[in-house]
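In this note's numbering, the protein residues as written are 348 to 554.
Structure first, then comments.
Spelled out as structure tokens, the structure:
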């Protein structure tokens, strides 16, 4: 099976490449962001499978999955990420990805996912399935788990800081700030910054 890997953590992706090759797969390319992944598809023969991280610079995994499911309908996608929040999982399911596994999964899970998708089936591990269904029953009054960085960005948004100001203050790129903003809205099921500020006030995230 020919596989394209897209992840911006070089050491991690080299380890995944090694495990896949040991399992008899052919890693035909490595992309460090979504833009590189799409460029590879435009310039080379299509692989059978794309293993895709969600949070990457330049173009994140959500955008990449959207484009691929529109333009490369035969290409299978397995999401390989640290995000186990129901909001992320359901979003990727809606886009039609073929598998979703966490980065802390072992080699056996990785190979099982690839073999399952290769056979034409979908693969979602037990923990992923549990998290999706727990998301449907979780009361809306309980705040979704947010990282410390996401909380920092919410507070800066509430302070009416621009993307450029937030980037300078947190020593991040503007694109990274926008990616965090989009991920926060996705996690919380919100549409814009105004709704985010209301949510933050309601749950005591800001004063």
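Note that CB positions come from ideal geometry on N, CA and C, so glycine has one too.
Asked                                                                                                            : Found
Collapsed DSSP secondary structure at residue 432 in the structure displayed                                     : coil
Residue 462 - DSSP class collapsed to helix/strand/coil                                                          : helix
Close Cβ partners of residue 432 (< 6 angstroms) along its chain, the five nearest in sequence each way excluded : 534
Paired residues, beta bridge with residue 447 - DSSP                                                             : 426, 471
Secondary structure of residue 551, DSSP reduced to three states                                                 : coil
Residue from 442, 349, 501 whose Cα sits closest to the Cα of residue 542                                        : 501
Unbroken alpha helix (DSSP H) run spanning residue 362, endpoints                                                : 357-369
Buried or exposed (CB count within 10 angstroms, at least 16 for buried), residue 373                            : exposed
Inter-residue CB distance, residue 382 and residue 406 (contact presumed, cutoff 8 angstroms)                    : 5 angstroms
Contact check, residue 400 vs residue 380, beta carbons under 7 angstroms                                        : no
Three-state class that DSSP yields for residue 456 in the structure shown                                        : helix
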